[in-house]
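So the structure is just underneath, and the comments pick up after that.
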Amino acid sequence: MKRILVTGGCGFIGANFVRWELETYPELEVTNLDALTYAGNPDNLAGLNGESRYRFVKGDVADRSLVMGLVAEGFDAIVHFAAESHVDRSIDDATPFLRTNIQGTQCLLDAARAAGTPRFVQVSTDEVYGTLLPDDPPFFESTPLAPNSPYAASKAGADLLVRAAYHTHGLETIITRCSNNYGPYQFPEKLIPLFVTNALADIPLPVYGDGRQVRDWIHVSDHCRGVDAALRQGRAGEVYNFGGRSERFNIDVTRAVLTLTGKPETLIRHVTDRLGHDRRYAVDCSKAESELGWQALTSFETGLAATVDWYRTHTPWVNRIRSGAYRS
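Each step along the sequence shown adds one to the number in full-length UniProt numbering, with nothing skipped, and position 208 is 208.
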């Protein structure tokens, strides 16, 4: 594999993936297509502008003319991260989620089919499966889709279009679904970076409801290795789950952040719960472990401590986001 197109490569997971691919494969060329919406931060890829194997293209995945022309240049694979992904924003207005996550995905699939792109990886989320009761087994790849938020519904719709492209047109597609990511370069509206940056600034940490929602946490580096394994070794038409086997109550994650930042629990503020808030997510990743030889390597305790240290030592990055300067 010599040339890949990554969409959404200026976002949190996409940027980590771009860096990982370039560092791991010395001969690989990466083109990054990103519209630079509010969560697309060029600072996430600082230092790559002089890298001859990296190219940035500003553009919207739903811009059919642009996407068709770009994909026609010829790539060995498309790895599709680009998405609107914040649940609260989808509750306020689902329209951008439909455009990017559904229309954008179909646009890329059409372009890949027209260009004969050998492989298409759709990076999705465990939220398409819905919610679990406390004693339910984790989600399997065969678990029926039952999304409960507009964001999750838009990702489920995109996944079904990717599945259809494989079964109808024979496009070699793979879908990956992952549990909650954390790590460097995550936009500080998601739980861990929001709470870390708030705690460091002595700003209250808003915990939804009773904080007893359960999430399975995976470090972004483990997720990136999983996507790469699916890209290079996955079977066409298949779905692969990636998780950290680290289920935690949100309130316990909050307390762990406060301990690592040396801040008091008096900073915790319980706020009105999110509409339709799923109670528990957890994925079974044994298929990825057995078929791809993948496993999560970073424990939650180690990964969270490293993440807190990253945000503590990257205050200029945080300040540029808080001020909006990163968009200039």
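Just so it is clear, CB atoms sit at the ideal spot from N, CA and C, and this is done for glycine as well.
In this text, all values refer to a predicted model and were calculated from it rather than measured experimentally.
Check                                                                                                                                                                              : Outcome
Can you check DSSP and say which residues form a bridge with H80?                                                                                                                  : T7 and Q122
Go to T173, then tell me how far its beta strand (DSSP E) extends in each direction, as first and last residue.                                                                    : T173 to C178
Compare the beta carbon distance of L304 and V253 with 9 Å and say whether it is the shorter of the two.                                                                           : yes
Nearest CA to the CA of A167: which residue from S286, E238, R327 and D202?                                                                                                        : The sequence shown places His at residue 167, not Ala. The option with the nearest alpha carbon to H167 is E238.
Which of the three DSSP states is assigned to N319 in this structure?                                                                                                              : helix
If you compare alpha carbons, which of T176, T173, F120 and Y185 is closest to G11?                                                                                                : Y185
State whether the segment 286-300 contacts the segment 228-236, with contact taken as three or more CB pairs (one from each stretch) at a distance under 8 Å.                      : yes
May I ask you to report which of helix, strand or coil DSSP gives I13?                                                                                                             : helix
CB-CB under 6 Å to C178, same chain, minus the five flanking residues each way: which ones, in chain order?                                                                        : H223 and F242
Within this structure, are the beta carbons of residue 351 and N32 separated by less than 9 Å?                                                                                     : Residue 351 cannot be examined here, being either before or after the span of the chain that is shown, 1 to 328.
Looking at K58 and L36, is the spacing between their C-beta atoms short of 9 Å?                                                                                                    : yes
Identify the residues that DSSP records as bridge partners of D136: which are they?                                                                                                : For D136, which the question treats as bridged, DSSP gives no partner whatsoever.
Could you tell me which residues DSSP puts in a beta bridge with D216?                                                                                                             : E247
How is D228 classed by DSSP in three states: helix, strand or coil?                                                                                                                : helix
Please report the Cβ distance between R274 and D88, rounded to the nearest whole angstrom; I am assuming they are in contact, meaning their Cβ atoms lie under 8 Å.                : 7 Å
Would A199 and T266 qualify as a contact pair, given that the criterion is a beta-carbon distance under 9 Å?                                                                       : no
Could you pull out every residue in the same chain whose Cβ sits closer than 6 Å to the Cβ of H219, ignoring the five residues on either side in sequence?                         : G183, T298 and G303
Can you look up P206 in the DSSP assignment and give me helix, strand or coil?                                                                                                     : strand
According to DSSP, is H169 helix, strand or coil?                                                                                                                                  : helix
Is the beta carbon of P188 closer than 9 Å to that of R322?                                                                                                                        : yes
Output needed for D278: all residues of its chain with C-beta closer than 6 Å, excluding positions within five of it in sequence on either side, in chain order.                   : T131 and N148
Could you name the residues of the same chain whose beta carbon sits closer than 6 Å to that of H270, not counting the 5 residues immediately before and after it, in chain order? : V207
Would you mind giving the Cβ-Cβ distance between V162 and L98, rounded to the nearest angstrom? I have them listed as a contact below 8 Å.                                         : No, V162 and L98 are not in contact; Cβ-Cβ is about 16 Å, not under 8 Å.
Once DSSP output is grouped into helix, strand and coil, what is the label at Y182?                                                                                                : strand
Please report the straight-line C-alpha distance between H314 and A164, rounded to a whole angstrom.                                                                               : 43 Å
Looking at the secondary structure, which residues open and close the beta strand (DSSP E) in which K58 lies?                                                                      : Y54 to K58
Cβ atoms of E141 and Y281: under 9 Å apart, would you say?                                                                                                                         : no
Let me know if D126 comes out buried or exposed under the rule of 16 or more other beta-carbons within 10 Å of its beta-carbon.                                                    : buried
Could you tell me which residues DSSP pairs with Y240 in its beta bridges?                                                                                                         : T176
Looking at N250: is its Cβ nearer than 9 Å to the Cβ of R212?                                                                                                                      : yes
Could you pull the start and end residues of the alpha helix (DSSP H) that D110 belongs to?                                                                                        : G104 to A115
On the DSSP bridge assignment, give the partners of V30 in chain order.                                                                                                            : I4 and Y54
I need the straight-line Cα distance from D76 to L191, nearest angstrom please.                                                                                                    : 35 Å
What distance in whole Å lies between the Cβ atoms of A156 and L145, which are believed to be in contact at a cut-off of 8 Å?                                                      : 5 Å
Helix, strand or coil for V61 per DSSP?                                                                                                                                            : coil
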